[in-house]
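Have a look at the structure below before the remarks.
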Amino acid sequence: MNPKYDALLKDKMSDQSYQRLSALKNQKVYDFVGEFAQHCDPATIYVCDDSAADEQYVRDQALAKGEEHKLALDGRTIHWDGYGDQARDKVNTRYIVKPENMERMKSLNAVPFDEGQKEIMDIAKGNMKGKDTIVKFFAEGPTDSPFTIPCVQFTDSWYVAHSEAILYRPAYSHFLNMKDNEKGDFFRFIHSAGQQDERGCSVNLDKRRIYMDLQNNMVYSMNDQYAGNSIGLKKHAMRLAINKGGQEGWLCEHMFVMAVVEPSSKRKTYFAGAYPSACGKTSTAMVPGEQVVGDDIAYFRNIDGEFRAVNVEQGIFGIIKDVNADDDPVIFSNLKKPQELIFSNVLQGADNNPYWINMGENAPESGNNHHGAWKKGDKDANGKEVTIAHANSRYTMRLDYLSNFDKEGFEAKQGVKIDGLLYGGRDSDTTVPVEESPSYASGILLKAATLESETTAATLGAEGVRTASPMANMDFVSYPLGEYTENNLSFTKGMKEEPKVFSTNYFMLSAKGKFVTSKLAKKVWLHWADGRVHGEYEGLATPTGTIPLYADLKKLFKELLDEDFSEEDYTYLFTFRCTKWVEKLERTKAFFAKMDSAVSASIIDAWDKAAADIKAAKAKYGDQIAPGAFKG
Ligand code: SPV
Ligand code: MN
159 MNPKYDALLK
169 DKMSDQSYQR
179 LSALKNQKVY
189 DFVGEFAQHC
199 DPATIYVCDD
209 SAADEQYVRD
219 QALAKGEEHK
229 LALDGRTIHW
239 DGYGDQARDK
249 VNTRYIVKPE
259 NMERMKSLNA
269 VPFDEGQKEI
279 MDIAKGNMKG
289 KDTIVKFFAE
299 GPTDSPFTIP
309 CVQFTDSWYV
319 AHSEAILYRP
329 AYSHFLNMKD
339 NEKGDFFRFI
349 HSAGQQDERG
359 CSVNLDKRRI
369 YMDLQNNMVY
379 SMNDQYAGNS
389 IGLKKHAMRL
399 AINKGGQEGW
409 LCEHMFVMAV
419 VEPSSKRKTY
429 FAGAYPSACG
439 KTSTAMVPGE
449 QVVGDDIAYF
459 RNIDGEFRAV
469 NVEQGIFGII
479 KDVNADDDPV
489 IFSNLKKPQE
499 LIFSNVLQGA
509 DNNPYWINMG
519 ENAPESGNNH
529 HGAWKKGDKD
539 ANGKEVTIAH
549 ANSRYTMRLD
559 YLSNFDKEGF
569 EAKQGVKIDG
579 LLYGGRDSDT
589 TVPVEESPSY
599 ASGILLKAAT
609 LESETTAATL
619 GAEGVRTASP
629 MANMDFVSYP
639 LGEYTENNLS
649 FTKGMKEEPK
659 VFSTNYFMLS
669 AKGKFVTSKL
679 AKKVWLHWAD
689 GRVHGEYEGL
699 ATPTGTIPLY
709 ADLKKLFKEL
719 LDEDFSEEDY
729 TYLFTFRCTK
739 WVEKLERTKA
749 FFAKMDSAVS
759 ASIIDAWDKA
769 AADIKAAKAK
779 YGDQIAPGAF
789 KG
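Per my numbering, the very first residue in the sequence shown carries number 159; after that it's consecutive.
Have a look at this one:
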């Protein structure tokens, strides 16, 4: 090893930390730590291993540094991000790309490599001055598996390190055991919260930048703390993995992984699902009676001809708004227990308990929240009333606390075999509650690529505005959208079997603007999909796929939910809406054209053919086709 940074590192590290770093015998790790130790100039650097003692040290430091505060029950802490750092900063999250790649990356917020790297390195210079920092090793996916991606995080935020310890599998030992030929292949993340105020919040938000270097699998994140901006292993690693998977023939998707459990036989069937935010992703993954493997990010590989998946994470960084005893009983009960939980950007009441929006309990009218010392009616600098907690406030929790956790599936080194993919948007007037694609390819093009979410009365601005969200992955797709779609299509080549692909839509409104079924109806759609995987139900063929028969749904509603499902509701919900569908395809085409000038003709032809089929159906049956018109 070239010991270029030895003097500097020995100065900033204890003997123990230095030993741990050098024991890895990994020049690339050493150079990464050395370069940023020199450049960002922290006071000290702690190198963490996988021991329980170090886990505790990280928790203690997060409290000692004032980034977290103890709450009333043991293990629970609260953390606040700056008032202006409450969500992902999409504008300042950029790819730094070689000039020859600028054209193909231009719709993805790219800046020329040299310019971007200079800017971020200028911002990073001395940004850790005086701080105690930490280097920590993790894996994306299980260790010692075909899915593993080792990662190293260097940060001056102990809240970030603590969050990652909850959310990702430890991997110091994995780095220690790497073979020489593996030692260059890992992701690197440098993060600095930068200058902080008395509440521990980053202050230089005008210099907040998250720059992704896909060529070198490295991400720089400066002057932020909100986990979606700061945590290397979450959305930053996801963008690197999407790109790496694209080059190597595997997939990284913004998907949950769950097992649908057939009630009488207990048969487990694995599904993965992509839903844009606020479209029912977590509530689908957590449907009562089923089992959860992961709620946010999955890797997929072809293993021995099978479509297999792992959860990249081991915890949940979940939206806490609307989590209450009725709607999310499993999560809610866990948030009330004395166990390791980080609450972020919620209210700390005088009783030292956390409070959030729509938690179903009487909340205090004052306390400390994401805006500081707060009382009901307080306004922010823009005159906007400050809510009790931020709408994007979160909890960070280990998955293995959950009673519906599928430990076996989660731990499987070869992943679980996926038999069904679910794509669910928010759509008040077009798509049916559940529909099966005639093929995997049709599913990718007509269900996944056409996903949209829709603004509701609960969001600012006009209602019913649709945002394209192909594969629910638009914020993270790190190479051109057309190519990414091609890679989704070709991924199953040579597999023994392809998963069935389903669309779901929980948000169709009645003529009176109301939801037609109860929230738990998603359990019925899931079990119908499960039955289809196992060849159990007949269906009706529409121009875009197969829909259920009324008799099967009526039975499922009764058996699973003890609810009556009327034929009238069935007919309304499963009516095929021709013009609306053609408009959806047109919007998808336009969005792809805007994002990528090189979308292949075969993709566009598939949408044109689908539109022609729909128009032919319209000519024959009319614009609104009730399910009875279709045949099995
Ligand atoms: C999402 O926004 O999709 C999340 C939270 O899962 S974040 O970490 O901000 O990406
Ligand atoms: Mn997510």
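Positions of the beta carbon are idealized from the N, C-alpha and C atoms, including for glycine.
Delimiting residues of the alpha helix (DSSP H) encompassing residue i
i, result
"Asp189", "185–198"
"Ala148", "For the chain, the structure presents residues 159 to 790; residue 148 sits outside this window and is missing."
"Ile796", "Given that the chain is displayed from residue 159 to residue 790, the structure contains no residue 796 and the question cannot be resolved."
"Glu322", "316–325"
"Thr442", "439–443"
"Gly352", "Per DSSP, Gly352 belongs to no alpha helix (DSSP H) and is neither H nor E."
"His237", "Looking at the DSSP string, His237 is not in any alpha helix (DSSP H); the run it does join, the beta strand (DSSP E), is 234–237."
"Glu261", "Unbroken run through Glu261: none, as it is neither H nor E."
"Ser491", "487–493"
"Ser331", "330–334"
"Glu641", "639–648"
beta-carbon residue i near ligand 1 non-hydrogen atom, thresh 7 Å
i, result
"Ser435", "yes"
"Lys794", "For residue 794 there is no data in the structure shown, the boundaries of the chain being 159 and 790."
"Gly386", "yes"
"Phe475", "yes"
"Lys479", "no"
"Lys393", "yes"
Near ligand 2: residue i beta-carbon under 7 Å from a heavy atom
i, result
"Asp454", "yes"
"His823", "The structure shown has nothing for residue 823, since the chain only spans 159 to 790."
DSSP three-state assignment for residue i, whether helix, strand or coil
i, result
"Glu464", "strand"
"Arg735", "strand"
"Ile762", "helix"
"Ser865", "The requested residue 865 does not occur in the structure, where the chain is confined to residues 159 to 790."
"Phe750", "helix"
"Gln572", "coil"
"Phe788", "coil"
"Val450", "strand"
"Met370", "strand"
"Arg346", "strand"
"Lys341", "coil"
"Lys537", "strand"
"Glu621", "coil"
"Gln244", "coil"
"Phe715", "helix"
"Ile546", "coil"
Endpoints, the beta strand (DSSP E) within which residue i is located
i, result
"Val293", "290–298"
"Arg624", "624–626"
"Ser794", "Outside the shown range of the chain, which is 159 to 790, sits residue 794, and nothing can be said about it."
"Phe501", "499–502"
"Ile203", "202–205"
"Gln311", "307–313"
"Ser388", "Run containing Ser388: none in the beta strand (DSSP E); it sits in the alpha helix (DSSP H), 385–388."
"Glu612", "610–612"
CB contact check: residue i to chain D, cutoff 8 Å
i, result
"Thr625", "In the structure shown, chain D cannot be found, because there is only a single protein chain."
Those residues which DSSP pairs with residue i across a bridge
i, result
"Ala430", "Val415, Leu579"
"Trp532", "Gly525"
"Glu656", "The partner list for Glu656 (beta bridge, DSSP) is empty, contrary to what the question assumes."
"Gly473", "Arg556"
"Asn663", "Gly583"
"Ile254", "Val269"
"Arg459", "Arg466"
"Leu409", "Phe458"
"Thr704", "Glu594, Ala699"
Contact check, residue i vs residue j, beta carbons under 8 Å
i, j, result
"Gly790", "Glu696", "yes"
"Thr643", "Phe465", "no"
"Asp722", "Thr675", "no"
"Glu543", "Gly535", "yes"
"Asp290", "Ala230", "no"
"Thr442", "Tyr433", "yes"
"His412", "Ala626", "no"
"Gly299", "Val468", "yes"
"Gln163", "Ala195", "In the sequence as presented, Gln is not what sits at residue 163; that position holds Tyr. Cβ distance < 8 Å, so Tyr163 and Ala195 count as in contact."
"Phe788", "Ala709", "no"
"Val682", "Leu718", "yes"
Residue i Cβ short of 7 Å to ligand 3 heavy atom set
i, result
"Phe660", "Looking for ligand 3 in the displayed structure turns up nothing; the ligands present are ligand 1 and ligand 2."
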